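Asks:
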């Protein structure tokens, strides 16, 4: 239970910003026509459940009508029902097993959207006296199919991000007005939320494919995030920034999460895997273990983005890329709950999400996003735009092998060299020749003989692949077969160049030929 919820549990007193939300929402009630749809935005951790529980209590007190609250997950149903109980609101959960024989005894119902849809289509739930419908996590479009049943009710949707989960169904088409609540920055400043320390690791994402829902496909994500390099980068990032902290790792695919579990298990870290195939008993046992283990790690697949509240989380790892601002905020929000002694938390981004969306808690214009979502989505940077600004960084263990080369001399600016080469009237192939010369010098500078240099050349695979990708962008040829051929050809030419020129390069660097054996 969050810090905000705990304080309300004791005193039932709301914070000032929550009272202001209550005032604005009830003001809308009073002036609204029938079938008015209002959307209220408040960041994850701001206490949306607290606010709409108090709205429910006051509505039942002042109006002679019933309240229905809709959620999309059973965990949210139960959490909402408990919170309503804390506010003295008797309520009935409508799930697949619920009997409706006693429905007349209740003024407040909490329902799963799919179950409610079935009950309403079967006409076994009396909703004739429902005056207020509250929709939690309103950005999910599964709710909109039920609106036709409530054309005389006031509908209140609540969400942290007023952007629809379906880009073809913008929220402005289903809601008349948006009220924007307290910002993340203000909640942090007033010590209601913890501050995020973000560490972004540059990742090549151009192999990812976008599906019909507008986000990256699971298959293309799994292909990328289960490869050895990405798993090594994840483990390295954890050890650099989050080791020894209670950590959540979010993935896009069950296989990825299982690979992550295996990688961390073999490295000796306490980790559990969780996905939607786990039974309730298994899930409860894992979450209990996570709660009680100081440096526990859970690797999961989206299941903990909503309906999960564990304030002791200290680190969030985004081991996935997403084009959904909502998901980006949901994942990071899992670490934002405050505790005594916890005012900050870590966010490790391995999906270029920080570059795509900006910092968590940036000053976003929610009203503009609500009114013109396509304008916002169309102006997000593409992966190619993002990656064009990256400088390839050698992995730390490889960089140590090139200790004799100055940091600034490790980088080769392919685009800059390409422009200079073309402007001087030379063939674009000259760019790769210059790159091979640069790599050969790096290898020679850190070797005693040509055999050492050839071994070092093999360790430059990541840098070679990055340079080839940048080169292919410059010449506008990027088929997989062509890139594969270039990468293979580059390695062969680098090895040949080292064998033919090692002594000469060595003497140029050191002022004398390599020592005789």
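Residue numbers (our numbering): 21 to 537. All C-beta atoms in this analysis are idealised placements derived from N, C-alpha and C, irrespective of residue type, glycine included. Note that the coordinates shown come from a computational prediction; the quantities given were computed from them, not determined experimentally.
#1: Verify whether the separation of the beta carbon atoms of residue 208 and residue 178 is less than 8 Å.
#2: Measure from the alpha carbon of residue 408 to the alpha carbon of each residue in 305, 434, 533, then state which is nearest.
#3: Hey, how far is the Cα of residue 160 from the Cα of residue 364?
#4: Would residue 406 pass as a contact of residue 464 if the rule is Cβ separation under 8 Å?
#5: On a Cα-Cα basis, can you pick out the residue from 168, 527, 377, 151 that is closest to residue 82?
#6: Alpha carbon to alpha carbon, what distance is there between residue 302 and residue 293?
#7: For residue 530, which three-state DSSP category applies?
#8: Could you tell me which residues DSSP pairs with residue 267 in its beta bridges?
#9: So, are the CB atoms of residue 307 and residue 284 less than 8 Å apart?
#10: Nearest CA to the CA of residue 103: which residue from 132, 68, 93?
#11: Rounded to a whole number of angstroms, what is the C-alpha to C-alpha distance between residue 126 and residue 111?
#12: Do you know how far the Cα of residue 352 is from the Cα of residue 341?
#13: Out of 488, 398, 65, 123, point me to the one whose CA is closest to residue 87's CA.
#14: In whole angstroms, what separates the C-alpha of residue 18 from that of residue 55?
#15: Can at least three beta-carbon pairs, one atom from the segment 238-246 and one from the segment 266-274, be found at a separation below 8 Å?
#16: Of the choices 252, 89, 460, whose alpha-carbon is the least far from that of residue 173?
#17: So residue 183 and residue 346 are supposed to be a Cβ contact under 8 Å. How far apart are they, rounded?
#18: Quick one: is residue 530 buried, meaning 16 or more other Cβ sit within 10 Å of its Cβ, or exposed?
#19: Opposite residue 365 in the DSSP bridges: which residues?
#20: For residue 540, does the three-state DSSP call read helix, strand or coil?
#21: Leaving out five residues on either side along the sequence, give the residues of the same chain with a beta carbon under 6 Å from the beta carbon of residue 266.
#22: In terms of residue numbering, what span does the beta strand (DSSP E) encompassing residue 132 cover?
#23: How long is the line joining the alpha carbons of residue 225 and residue 403, rounded to whole angstroms?
Replies: To lay it out plainly:
#1: Locating residue 208 in the chain shown gives position 188, counting from the first residue. Locating residue 178 in the chain shown gives position 158, counting from the first residue. Taking 8 Å as the Cβ cut-off, residue 208 and residue 178 do not qualify as a contacting pair.
#2: Working through the chain shown from its first residue, we reach residue 408 at position 388. It is 434 whose Cα lies nearest to the Cα of residue 408.
#3: Numbered from 1 along the chain shown, position 140 holds the residue referred to as residue 160. Numbered from 1 along the chain shown, position 344 holds the residue referred to as residue 364. Spanning the two alpha carbons is a distance of roughly 29 Å.
#4: In the chain shown, the residue the question calls residue 406 occupies position 386. In the chain shown, the residue the question calls residue 464 occupies position 444. Taking 8 Å as the cut-off, the beta carbon of residue 406 is found no closer than this to the beta carbon of residue 464.
#5: As a working mapping, residue 82 is identified with position 62 in the chain shown. Per the Cα distances, 151.
#6: The residue given as residue 293 occupies position 273 in the chain shown. The residue given as residue 302 occupies position 282 in the chain shown. If you take the alpha carbons of residue 293 and residue 302, they lie about 10 Å apart.
#7: Against the chain shown, residue 530 aligns to sequence position 510. Residue 530 falls in the helix class under three-state DSSP.
#8: Translated into the one-based positions of the chain shown, residue 267 becomes position 247. According to DSSP, residue 267 bridges with 317, 335.
#9: Start at 1 with the first residue of the chain shown, and residue 307 comes out as number 287. Start at 1 with the first residue of the chain shown, and residue 284 comes out as number 264. In this structure, residue 307 keeps its C-beta atom at 8 Å or more from the C-beta atom of residue 284.
#10: Against the chain shown, residue 103 aligns to sequence position 83. Taking only the C-alpha atoms, the option nearest residue 103 is 68.
#11: As a position in the chain shown, residue 126 is number 106, starting the count at 1. As a position in the chain shown, residue 111 is number 91, starting the count at 1. Each residue's alpha carbon lies about 6 Å from the other.
#12: Looking up residue 341 in the chain shown gives position 321. Looking up residue 352 in the chain shown gives position 332. Whole-angstrom Cα-Cα distance: 13 Å.
#13: Numbered from its first residue, the chain shown carries residue 87 at position 67. Per the Cα distances, 123.
#14: Any property of residue 18 remains undetermined from this structure, which presents the chain solely from 21 to 537.
#15: yes
#16: Counted from its first residue, the chain shown places residue 173 at position 153. The candidate whose alpha carbon is nearest that of residue 173 is 89.
#17: Residue mapping note: residue 183 aligns to position 163 of the chain shown, counting from 1. Residue mapping note: residue 346 aligns to position 326 of the chain shown, counting from 1. Yes, they are in contact, since the Cβ atoms of residue 183 and residue 346 sit about 6 Å apart, within 8 Å.
#18: Residue mapping note: residue 530 aligns to position 510 of the chain shown, counting from 1. With fewer than 16 Cβ atoms within 10 Å of its Cβ, residue 530 is classed as exposed.
#19: Within the chain shown, the letter at position 345 stands for residue 365. Its beta-bridge partners are 216.
#20: Coverage of the chain is limited to positions 21 through 537, which leaves residue 540 absent and any answer about it impossible.
#21: Counting from one through the chain shown, the residue named residue 266 turns up at place 246. 316, 332, 333, 334, listed in sequence order.
#22: Taking the chain shown and counting its residues from 1, one reaches residue 132 at position 112. It spans 128-132 - the beta strand (DSSP E) in which residue 132 sits, taken as one unbroken run.
#23: The count along the chain shown starts at 1 and reaches residue 225 at position 205. The count along the chain shown starts at 1 and reaches residue 403 at position 383. Straight-line measurement puts the Cα of residue 403 at about 6 Å from the Cα of residue 225.
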